[in-house]
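J.: If you're matching them up, the sequences are chains A and B in order. Sequential numbering of the first sequence, starting at 47, is according to my numbering. Sequential numbering of the second sequence, starting at 4, is according to my numbering. Structure provided below as structure tokens; questions to follow.
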Amino acid sequence: MECIPPVAGCSIHWMHSKTFFLDKQVLFPTLVSNLSRRMNLKGKIRSLISLLVFFVSFSSTALAAEEVRWFDPQKTGLLIGIFITIVLVFGFILYGKKKGSLKIRSIPGLEAMDEAVGRATEMGKPILFSSGLGKMERVATMASMNILGSVAEKIAEYNTPLIIPNYDPMVTTVAQEVVKESFSKAGHPESFKQENIYFVTQSQFGYVAAVDGIMLREKPATNLFLGTFEAESLILAETGNSIGALQIAGTDSTIQLSFFIVACDYTLIGEEFFAASGYLTKDPLVLGSIKGQDFLKLIIGILIIAGGIFSTLGYNFLINFLGK
Amino acid sequence: MRRQIPIVVCFVFGIFMLAQFFVSHPLLTRGYQNVLDWMQIIFVFALLVGALSFLILHLDKISKQQKEWGYNLVALAGLAAMVFLGFFKGIQKDSPFLWVFDNLQVPMQSTMFSLLAFFVASAAYRGFRARNFQSVVLLVAGVLIILGRVPLGEMLHSKIPESATWILNVPSMAARRGILIGIGLGSIATSLRIIVGIERTYLGKG
Numbered sequence: 047m048e049c050i051p052p053v054a055g056c057s058i059h060w061m062h063s064k065t066f067f068l069d070k071q072v073l074f075p076t077l078v079s080n081l082s083r084r085m086n087l088k089g090k091i092r093s094l095i096s097l098l099v100f101f102v103s104f105s106s107t108a109l110a111a112e113e114v115r116w117f118d119p120q121k122t123g124l125l126i127g128i129f130i131t132i133v134l135v136f137g138f139i140l141y142g143k144k145k146g147s148l149k150i151r152s153i154p155g156l157e158a159m160d161e162a163v164g165r166a167t168e169m170g171k172p173i174l175f176s177s178g179l180g181k182m183e184r185v186a187t188m189a190s191m192n193i194l195g196s197v198a199e200k201i202a203e204y205n206t207p208l209i210i211p212n213y214d215p216m217v218t219t220v221a222q223e224v225v226k227e228s229f230s231k232a233g234h235p236e237s238f239k240q241e242n243i244y245f246v247t248q249s250q251f252g253y254v255a256a257v258d259g260i261m262l263r264e265k266p267a268t269n270l271f272l273g274t275f276e277a278e279s280l281i282l283a284e285t286g287n288s289i290g291a292l293q294i295a296g297t298d299s300t301i302q303l304s305f306f307i308v309a310c311d312y313t314l315i316g317e318e319f320f321a322a323s324g325y326l327t328k329d330p331l332v333l334g335s336i337k338g339q340d341f342l343k344l345i346i347g348i349l350i351i352a353g354g355i356f357s358t359l360g361y362n363f364l365i366n367f368l369g370k
Numbered sequence: 004m005r006r007q008i009p010i011v012v013c014f015v016f017g018i019f020m021l022a023q024f025f026v027s028h029p030l031l032t033r034g035y036q037n038v039l040d041w042m043q044i045i046f047v048f049a050l051l052v053g054a055l056s057f058l059i060l061h062l063d064k065i066s067k068q069q070k071e072w073g074y075n076l077v078a079l080a081g082l083a084a085m086v087f088l089g090f091f092k093g094i095q096k097d098s099p100f101l102w103v104f105d106n107l108q109v110p111m112q113s114t115m116f117s118l119l120a121f122f123v124a125s126a127a128y129r130g131f132r133a134r135n136f137q138s139v140v141l142l143v144a145g146v147l148i149i150l151g152r153v154p155l156g157e158m159l160h161s162k163i164p165e166s167a168t169w170i171l172n173v174p175s176m177a178a179r180r181g182i183l184i185g186i187g188l189g190s191i192a193t194s195l196r197i198i199v200g201i202e203r204t205y206l207g208k209g
């Protein structure tokens, strides 16, 4: 089958059949009506394929006057990388599902979650959770919500107040749902207080002022800063430090990580932040994907060393290929 | 059904976003643009939800006369004033809305931002205390970089700025890239888990 997309129509050559020329004014309605008419399966399939080819061909000519480039060769290396990542991650997910339980190294920041919740309970003070400035489309915010789900379940068991001031209205709604579900799962739906999870403002420093104010008034025993943070990270963490709260932080920004390391008791660095939900829930599927991540890191490490050696010897093929 | 539909929507759009990154067909590019436009539309509605949440929260605290409820009144008055000014006086140049923004909001934000200078000092004091070998390494590196970035460093020794640049470009960059690789892989794995529906806490129904 070959399709030539001219402006007025589309030619389709079937291997053992006659050649069609599809006129866009006439054949689109005809193909659609063919599909709805009573005809044998072969005819229906033929009409469906024609319709698909017709649609793709005309979309090419109608939407772009310039030449259509289906694939950018500059992204070849990236495509291969993504393909290997997908295969490995799903391979290890299946392995995790088959094995039932997988072991990953101990992460002190996550081990301290129980201590953080217990401390707040003993002191009779609330826990403050902030997902920072991230919106819902950010992976870090998604990871933050996943951690919130596990932490809220522990908090519900101890019946400790949980305060979540939010920067984004959408995140507020999601956080409310996540916490509500976790409280129900823990068997304490009556302890859920929607009024403690609220939208504050979309102004970066307005948000900082509000959260700092909450910290100084409510004096939470534990602060959890997990999500996307920018320049406000140190202001939040230092204020938390000044009130003597136990602080656990994690973010996807390498610049803000250094501030959190200095001002917080525990910091989730790099992939630890994204591994948190699997670590806390012990879900074999999530743990499998974390194992896949580790394996990928090994491959990247080997490639970096090989690239360094080859480059030193004057062979740049690996760097040229991976640079694509 | 309430759980399956969001997972299917997430899967379809996740695959679509991945495909449009590699395939540059105009149909996908147009689709991507449409998704971005829809995000703006959804954001406006989400903002309404946020404003409503803000209103309910503060009204509730005022009606119950909770501790320091005067601040809630100030917050609501601010919201009402800006809505009034924006709708009835416009947001053009020299409007009262912009005047309030430039003369109240901006200075307050700058004040909060300037607090960072003091917090950096207190955090640096704690971080640079030489308690063990690692802290000493951090302290020496920090001092070298601080000196290397000001004229005093070059006056003391010509090699100080060079050392500062080396620390930033070699060991610091290596550590940063190591963390970035971890973050990148973590983001991809989390995205894949979300796309295929393994990770669905964000839906509320786990």
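Note that the Cβ used here is the ideal one computed from N, Cα and C, for glycine as well.
1. Output yes if chain A places a C-beta closer than 8 Å to the C-beta of Leu79/B; else output no.
2. Return the residues of the stretch 163 to 183 of chain A that lie within a Cβ-Cβ distance of less than 9 Å from chain B, sorted by chain order.
3. Would you decide whether Phe122/B is buried or exposed? Buried here means 16 or more other CB atoms lie within 10 Å of its CB.
4. Give the DSSP-derived three-state secondary structure of Ile150/A in the structure shown.
5. With burial defined as no fewer than 16 other Cβ atoms inside 10 Å of the residue's Cβ, what is the status of Gly55/A: buried or exposed?
6. Going along the chain, which residues of the stretch 107 to 129 of chain B sit with their C-beta nearer than 9 Å to a C-beta in chain A?
7. Under DSSP, the alpha helix (DSSP H) around Asn212/A begins and ends at which residues?
8. Using the C-alpha atoms, what's the distance from Gly17/B back to Leu159/B?
9. Looking at Phe320/A and Ala192/B, is the spacing between their C-beta atoms short of 8 Å?
10. Among Thr327/A, Lys337/A, Leu124/A, Lys143/A, which residue has its Cα nearest to the Cα of Glu317/A?
11. Using a beta-carbon distance below 8 Å, is Asp298/A in contact with chain B?
12. For a test of the three-state rule: what should DSSP assign to Val3/B, helix, strand or coil?
13. Buried or exposed: which applies to Ile243/A, given that a residue is buried once 16 or more other Cβ atoms fall within 10 Å of its Cβ?
14. With a threshold of 8 Å between beta carbons, is Arg179/B in contact with chain A?
15. At 7 Å on the CB atoms, spell out the chain A contacts of Arg196/B, in chain order.
16. Which of helix, strand or coil does DSSP assign to Gln36/B?
17. For the stretch 195 to 206 of chain B against the stretch 189 to 199 of chain A, are there 3 or more C-beta pairs whose distance is under 8 Å?
18. Listed in chain order, which residues of the stretch 130 to 155 of chain A have Cβ atoms closer than 9 Å to some Cβ of chain B?
19. What does the alpha-carbon distance come out to for the pair Arg152/B and Leu333/A?
20. Should the stretch 134 to 149 of chain A be called in touch with the stretch 161 to 179 of chain A, which here means at least 3 C-beta pairs below 8 Å?
21. Compare the C-alpha of Ala267/A against each of Glu241/A, Gly252/A, Thr285/A, Gln250/A and name the closest.
T.: Straight from the coordinates:
1. By this cut-off, Leu79/B is not an interface position.
2. Cβ contacts with chain B: Lys181, Met182, Glu183.
3. Around the beta carbon of Phe122/B, 16 or more other beta carbons sit within 10 angstroms, so the residue counts as buried.
4. Ile150/A: coil per DSSP, three-state reduction.
5. Per-residue confidence for Gly55/A stands at a pLDDT of 49, beneath the threshold of 50, marking its modelled position as unreliable; no derived number is given.
6. Residues Gln108, Met111, Gln112, Ser113, Thr114, Met115, Phe116, Leu118, Leu119, Phe121, Phe122, Val123, Ser125, Ala126, Ala127, Arg129.
7. From DSSP, Asn212/A is part of no alpha helix (DSSP H) but of the beta strand (DSSP E) over 208 to 212.
8. Across the structure, Leu159/B and Gly17/B are spaced so that their CA atoms are roughly 56 Å apart.
9. Taking 8 Å as the cut-off, the Cβ atoms of Ala192/B and Phe320/A count as close.
10. Check the Cα spacing between Glu317/A and each of Thr327/A, Lys337/A, Leu124/A, Lys143/A: the tightest is with Lys337/A.
11. Cβ-Cβ to chain B under 8 Å: yes for Asp298/A.
12. As shown, chain B starts at 4 and ends at 209. That puts residue 3/B outside it, with no answer to give.
13. With 16 or more Cβ atoms within 10 Å of its Cβ, Ile243/A is classed as buried.
14. Yes, contact with chain A.
15. What Arg196/B touches in chain A: Val332, Ser335.
16. When DSSP states are grouped into helix, strand and coil, Gln36/B belongs to the helix group.
17. The stretch 195 to 206 of chain B and the stretch 189 to 199 of chain A touch, with no fewer than 3 CB-CB distances between them shorter than 8 Å.
18. Of all residues in the stretch 130 to 155 of chain A, Thr131, Ile132, Val135, Phe136, Ile139 have a Cβ within less than 9 Å of some Cβ in chain B.
19. One C-alpha to the other measures close to 44 Å.
20. Taking 8 Å as the limit for Cβ pairs, the verdict is that the stretch 161 to 179 of chain A does not touch the stretch 134 to 149 of chain A.
21. Nearest option by C-alpha distance: Thr285/A.
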